[in-house]
Each structure stands twice: as structure tokens, then as C-alpha cells.
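First the structure, in the form of C-alpha cells, and then the observations on it.
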Amino acid sequence: MNDLRYRQVHLDFHTSEYIPRVAENFDGDDFASTLKDAHINSITCFARCHHGYLYYPSKSQPDMIHPNLVKKDLLLQQIEACHKYGIKAPIYTTVQWDGYIARKHPEWLAIDEEGKYINSQDVPEPHFYYTICLNSDYREYFKNHIQDIINVVGVDNIDGFFMDILFKVDCNCPKCVEKMTGLGFNPKEKTDRIAYSLEMLHEFKSEITEFITERVPDTSIFYNSSHVGPALKDSLKEYSHLELESLPSGGWGYMHFPTTVRYARNLGKEILGMTGKFHTYWGDFHSLKNKAALEFECFQMLAMNAGCSIGDQLDPRGKLSVGAYDLIGHVYKQVHEKEPYCIGAKALTEIGVMTPEEYYTAKDHDLGLPPALVGTVRMLQELSYQFDIIDSRTDLSKYKLVILPDDIDYSPRLENILQKYISNGGKVIGSYHSCIDTVNGTSKLYGVTYKQESPYYRDFIYPNNLIGKDLSEEEYVMYLRGAQVEAKESLILMNTVKPYFNREGKKFCSHQHTPSSGEKGYPAVTRKDNVIYFSHPIFKTYRQYSPIWCKMIIKDAIGLLLDEKYVEHNGPSTIVTTMNTQCKENRDILHVLHYIAEKRAENLYTIEDIIPLANISFQVFVGDKEVDNLFNISDKQTIEYKRKGNYILFTADKIEGHEMFCIEYN
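For the sequence shown, counting from 1, position 383 maps to 383 in full-length UniProt numbering; every step adds exactly one.
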């Protein structure tokens, strides 16, 4: 298997046929030396773009070479120049978007229930976003295209294939209907059509991977769908590695990557994170991302056990942007220095968060993550807990605590898995509908009986000395409707408090919800042995409104169940910590990130300034291992620490953006 490079660029080249003199200024040595000077050690280069044009001297489709391409062997020159400087150059090609195919072969396009072509980006023409159906004759077209690349580039010159745009699509074309019917799917049901679409994707990937590896053994292979989640798990063997496309300013947001990577890093594949040098989205020509933003996005990748890839788009004339590669070089110089303490590192985690996304596979392609999951990630990051995102097929035994956020569908199988986990000493926090049989109203897991949804669209909680112990003793509003339950076999840790009445009919009070009546309602928090249940959708509430009292009562619940915590600090909640271990080197690495994303623009979040922190104290769990040395990786300066049981205590004089602390053991 090829070693995964940690300083990559993904070089788009989607170039219109209406642009003249394409690549006329390309110079291979200048191209590769610019990359080398920017500390880049791998760059993905284009064989074919979304417009449908080729950038190499095709033998089987010379008519599809870009009509205005001056350097007909552009891809070959790029690869040759990169290899001369020791830089890998995997080959890009598009799969389900191709403007030429959409115009010339509309019979190959996916169609919706009304027989209309599916525009997966939902933008007005002109565009190249009509989705190609992989059940059509296009599949042979694509295989012939791959064979053509292999023939022209040569097996020995191919470092890998990056195949872009493969996602589930609600196709109603005759071939899909025929195939799904033969497999027992109901083509009249959207959930069945989407489920079949996943089967078709798995089949396609398997066929293409076999096709490539027969011809180019041991090359890297990746299929990009702009997201990595549970739906990909069944086709993992077709991938050599994973790349997590996640441009925070381009639709994914700043919570997508940390949520996705915490799931992907447990799939047994090496991982790249992928952001962009663009201020907004792909194709944002002549824009540069703020330096602090690009630093954070790449350093977060390292902290989360991933290598780095930065997206760029080559100017049509073939010259790399000086400003872009100064920016990338600034970041990658630091990545180069940090990566010996990152390569091969594994996360140390105490909590597993089960993703509701496992139960969302019937939905169309969507970059959006379940709000409850994002709310959980935000909470735990702000509380400095170390955690993974997991699914029902994950081995739970490595986690001290499993969290079920709001919307984990009930099944006897999952209930049995969790009961076995608990019987072996595991702890669980669940909320709202997670793993509750709302049809029969029972929950063996929590020891509560589900009655109905709360009659109040907003009610309240009242803290006590167990849950909400650091809050004032008064009511706090819960912004989303909860589940009305009875505590049958569990202890009530906190009750709800009823409002005077709902805002409905003729009744209302003030601008929003009616205030507290002071009358006790149904249970808000219960405990059965090592299982704590919240009857409100507390994690979705945190995602939508971010009330600090929700975070504080979750913190108290975790504290009731866990005696130890990997990392504690006295800094602000804007600090993100991750704890990793490098077993071969016999050391642990604490990453500390402090960058604040702001919504200065109407349409996007970004980061402009690094706000240093001074004299931040840390308490880090080391167990019974004997510590030999503690130092800051940036300056290699030894740090004094105190031992306190299973922990070491130390103070960092300064946290400026990203700091890494190395704990070496005897």
C-alpha cells in the first residue's frame, strides 16, 4: 500500500471550452519547484473535468481533449515534473457530473419521479450538475476512459486515482426500476429507491476497483462523495484510503470535519482531511483564505489523526498563484515540522457517540449532519472530553461511556447490544427518542415508560445538587418539545416544571412562551444504575440555541458516570483538545487548538485572528505509566509538571493557535 502523504494539494482544473489558450504558460519545472518550495509532497492532477474535457493525449477519445488546450500532454508533463521532485501526482477524473455527457447522452442521466433530469446542486443553468446514472451505458464509457488513462500515462507513472462525485441518487430511470424490482425493492417507495442506489454504488465501486487493480496493482484509489459516514462502510474494501472533503466556508461549515473525522478514523483506513485555499467554495478564482483559518483547518486535521489536503484551482493559462502557494507554504512548513508527532498516532478516547446518521441512509445526498450529533460534538469539545463517533456495529468495549443523542432509532438488536455493554461495566447517556420503543412505550434500557410527546412545546427544568449543581436554583427553559415519560424502574434526578399553559388558541403571554407555573411535571432526567436519560432533545437544543444550562447538566451527568477524564483545563470553552498516542515512540501527544470562527459575513464563518492565551493549566491522565519528559513540540522546551495520582499537572505559558505537548514515558 502507498504511504499517505501529509501535505497534499487537490488541484482542480474544471475549464470551460470558451476559455482560449488553455495551459499555454504551463512550465513543468516551475510548477513542481513551486510545489516543492511550498512543502507539498503530493498533488492531484486532472485527467478529465466536470465540463467533460480531457487534459492528456487520449488515444481512444482524442475528440474529447479540451479544444483550446495548448499543451496537449498537460497531465503527462505535470506527472513527470512532480516525480522529478519526489512529489506524488494521483490522477483526478469525474464520475457522475460531466457537462459533455449531459448534452450528448441525456439517456444516461438520472431522472426523478416526474421524468426530469436530476440537478443535484439545485442551481439554474448553465451548469454541469445533472447527475449521471451508473446503471446506464455510461458505465462502459467510464471503464474505457480509465483504460485510456492507463494506456497513455503508463502503469509505472500512476500514483493513484481520485474519482469524484459518487453519491446516492433517487433515480427512476427504466434500468434502475428494472434492477431494483429484481432485487426486491419497491420502486414506488423513495426509501427503497435510495436504499437501492446505495447497493448500486457499492456494485460500481467494486467493479471499478477490480478493473483498476488488475491493471495497476497497489495504486491508491479513492471515491469522493463529499462526506464519509456509515453508508460508506460496506464498500470500504474498495478504497485504499479516505479523503474527507470539508471546506468550512463552502457549505460544510466548521462542525462537519470534526464530526466526520471522529467517525472515519475508526474505519481502519488512513485519512486525509481536505479543505480549500478559497475564501468560499471551489472555483472561487483569485481569492485566498485567511491565514489563521487555513492554519486551524490543517492543524485540526493533524490533531484528529488525519493528513492534510488543500484544494486549489489551476489558472486556465497553467500558472500557479504566487499568493496561494505562499499561503499554503506558510501552513505546510509548520505541518512538516509537526507531522513526526502525528503520523501513526491514534486517538485516546473515553466516550463513544452513536451517530443518528446510521438511520438516515434513506435520505438523498446531503452534506448536512443530524443536528443532535453536531450538538453533541460541540458540547463535548467545549467540555474537553475525548470521544469518537460510532455506529451500532462499532465495538463498544473500548469506551467508558456511550452517548445516544436524541434520535437513535429503537431496535431489539441495538437494545441487546447496549444491555450487554452495560452488564460489562459500560455507562450510557441517552436522550429523547433514542433507543425508546415509542410504539409500545417501553424502555428496558432507561427504566422509563414513554407516554407521548410533551403537551407543552416549551417547558422548564429546575436544577439541584446533582444535575445543574453550578446553576442558580430557578427554572431554565427547554426550547424544544420533550418526551413525556414515567419513571418505572429508575430514579428521578430532575423533574420538568410546567408552564401555565401553551401558546395556542386564544391563550398567550408576552412575546414567546408562557412562564413557569411552578408545578412539577414529568421526569426530565432519570437514572437506572449506570444509565442516565434526558427526556428532552437536549443535544439538538444545544445545536439550535446553545443554552449553557444544557451543557452544564450534561457535564454533571457525565461526572456522575465517569471517575476519570483524559484532559481538563482552566481555559475558555473555545479551546479544543485532543489526546493522541504514538505507541511505537512510547509517547502521548496533547493537541491544544485555540482559533475562534466568527460569522463576520452574512453567508459564511471564517477565522481571521489568533487570540493568544496565557498561563493555561492542564490536568492530563497518564494512568500508572512513568513519565520521563514533558515538552512543547514547537520549541522543544521542557515543561515542569507535578504528579497527582494518575494525572500530571502543568501550566502552558502561552497557547497561540496550535500547541502540541509531548509526554514521553520510560
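The beta carbon of each residue, even a glycine, is placed where N, CA and C say it ideally should be.
Counted as a single uninterrupted DSSP element, the alpha helix (DSSP H) harbouring Pro-174 occupies residues 174-182. Remark: three or more beta-carbon pairs, one from each stretch, lie closer than 8 Å, so the region 617-629 and the region 640-656 are flagged as touching. Spanning the alpha carbons of Leu-590 and Pro-463 requires a straight line of approximately 34 Å. DSSP lists no bridge partner for Lys-84. Uninterrupted beta strand (DSSP E) stretches at least 3 residues long and entirely within the region 528-581 occur at 531-534 and 567-569, given in chain order. Here the C-alpha atom of Asp-284 lies approximately 11 Å from the C-alpha atom of Gly-311. Counting along the chain, Ser-490 sits inside no alpha helix (DSSP H), nor does DSSP assign it H or E at all. The beta carbon of His-202 sits closer than 7 Å to the beta carbons of Asp-234 and Ser-235 from its chain, once the five residues preceding and following it are set aside; these are given in chain order. Within 10 angstroms of the beta-carbon of Ala-102 lie 16 or more other beta-carbons, which makes it buried. Inter-residue distance for Ser-392 and Leu-414 is about 7 Å (C-alpha atoms, whole angstroms).
The alpha-carbon separation between Tyr-476 and Gly-441 amounts to approximately 27 Å.
Counting only the Cα atoms, Phe-162 lies some 16 Å from Leu-232. Taking all protein chains in view, the Cβ of Cys-45 is crowded by 16 or more other Cβ atoms within 10 Å, so the residue is classified as buried. At a Cβ-Cβ threshold of 8 Å, Met-552 and Leu-471 count as neighbours. Contact annotation: Leu-242 and Thr-275 have beta-carbon atoms that are not nearer than 8 Å. For His-330, the uninterrupted alpha helix (DSSP H) segment begins and ends at 322-338. One alpha carbon belongs to Thr-438, the other to Pro-124, and they sit about 42 Å apart.
With respect to the 8 Å criterion, Ser-517 and Lys-498 are classified as neighbours on the basis of their beta carbons. Taking a cut-off of 8 Å for Cβ pairs, the region 333-342 and the region 287-307 touch, as three or more such pairs fall below it. Contact annotation, Leu-491 with Arg-527: C-beta distance approximately 5 Å; criterion of less than 8 Å satisfied. The Cβ atoms of Leu-314 and Leu-11 lie closer than 8 Å to each other. Taking a C-beta distance under 8 Å as the contact criterion, Ile-554 and Ile-538 qualify as a contact pair. As the crow flies, the alpha-carbon of Cys-583 is around 21 Å from that of Asp-395. The continuous stretches of beta strand (DSSP E) do not include Tyr-196, which lies in the alpha helix (DSSP H) extending over residues 190-215.
Sequence-distant partners of Phe-501 (beyond 5 residues in either direction) whose C-beta falls short of 7 Å from its own C-beta, in its chain, are Lys-507 and Thr-514. Ala-89 is a Cβ neighbour of Asp-159, given a cutoff of 8 Å. Judged by their CB atoms, Ser-397 and Asn-424 are nearer to each other than the 8 Å cut-off. With respect to Lys-346, Thr-581 sits close: the two C-beta atoms are nearer than 8 Å. Sorting Cys-171, Arg-378 and Asn-151 by C-alpha distance to the C-alpha of Phe-257 places Arg-378 at the top. Ranked by how close their Cα comes to the Cα of Gly-368, the residues Val-216, Arg-543, Trp-108 and Ser-535 have Arg-543 in first place. Residue range 642-644 is occupied by the beta strand (DSSP E) that includes Lys-642, with no alpha helix (DSSP H) assigned at that position.
In this structure, Ala-292 and Ile-655 do not form a Cβ contact; the two beta carbons are roughly 14 Å apart against a cut-off of 8 Å. Scanning its chain for C-beta atoms nearer than 7 Å, with the 5 sequence neighbours on each side dropped, one finds around Asn-186 the residues Asp-192, in chain order. Distance from the CA of Tyr-223 to the CA of Gln-637, rounded to the nearest whole angstrom, comes to 43 Å.
With fewer than 16 other Cβ atoms from the protein chains shown falling within 10 Å of its own Cβ, Asn-416 counts as exposed. Asn-530 and Ala-557 have their alpha carbons spaced roughly 10 Å apart.
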